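*Asks:*
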Amino acid sequence: MISAYAQHGEAMEAARCFQVMQDSAGIRPDQATFTAVLSACSHAGLVDNGIHIFNSMVNKYGFEPGVDHFSCIVDLLGRAGHLDVAERLITTTLIDIDSNIWWTLFSSCAAHGNLRLGRIIAECLLKKEHNNLTVWINS
Numbered sequence: 003m004i005s006a007y008a009q010h011g012e013a014m015e016a017a018r019c020f021q022v023m024q025d026s027a028g029i030r031p032d033q034a035t036f037t038a039v040l041s042a043c044s045h046a047g048l049v050d051n052g053i054h055i056f057n058s059m060v061n062k063y064g065f066e067p068g069v070d071h072f073s074c075i076v077d078l079l080g081r082a083g084h085l086d087v088a089e090r091l092i093t094t095t096l097i098d099i100d101s102n103i104w105w106t107l108f109s110s111c112a113a114h115g116n117l118r119l120g121r122i123i124a125e126c127l128l129k130k131e132h133n134n135l136t137v138w139i140n141s
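FYI, the working numbering numbers position 49 of the sequence shown as 51, with every residue one higher than the one before it.
(1) For T95, name the three-state secondary structure that DSSP assigns.
(2) Between which two residues does the alpha helix (DSSP H) harbouring I122 extend?
(3) Between A16 and the rest of its own chain, which residues show a CB-CB distance below 6 Å, the 5 nearest in sequence each way excluded?
(4) So, with DSSP's three-state summary, where would you put S110?
(5) Compute the beta-carbon to beta-carbon distance between T106 and D77, rounded to the nearest angstrom, for a pair I have assumed lies under 8 Å.
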């Protein structure tokens, strides 16, 4: 249900269903559930909800965030204009961040006109993907 709500732009319903699942049904969410609800929060701009859910995933349920979770939270922060926070999250995490997460933040830099951070990310992407023409075109 949560994934269906998320895919159809019903972020508030996805978040509500996520809450009911935990409170009433006592069902423990899995990593895929967290990805779905974080994605819904990201696309709807529900920053506080998304951060709360991300933190509960780690602190309450003991999950190590994966690349998909980081991608969602970086997208959430980036869409909301919290670019420096998103960058700090990427650079301080202990997991291996793939290029897609950097591309997510790069897109947010373009959307918010942050050329300084966009250039830094472009340089990082050029090192990681020096054969990717898209990096050269967008930087």
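Where a beta carbon is used, it is the ideal one built from N, C-alpha and C, also for glycine.
Given the structure is predicted, the values throughout are model-derived calculations rather than measurements.
*Replies:* Taking the definition as stated:
(1) Start at 1 with the first residue of the sequence shown, and residue 95 comes out as number 93. Looking at T95 - three-state DSSP - the assignment turns out to be coil, as it is neither helix nor strand.
(2) The residue you call residue 122 lines up with position 120 of the sequence shown. Looking at the DSSP string, the run of the alpha helix (DSSP H) that includes I122 is L117 to K130.
(3) As a working note, residue 16 is residue 14 in the sequence shown. So the list reads I4, Y7, A8, V39 and A42, once near-sequence residues are dropped.
(4) Walking along the sequence shown from the start, residue 110 turns up at place 108. In the structure shown, the three-state DSSP call for S110 is helix.
(5) One-based indexing of the sequence shown puts residue 106 at position 104. One-based indexing of the sequence shown puts residue 77 at position 75. Their Cβ separation, rounded to whole angstroms, is 5 Å, which keeps T106 and D77 in contact under 8 Å.
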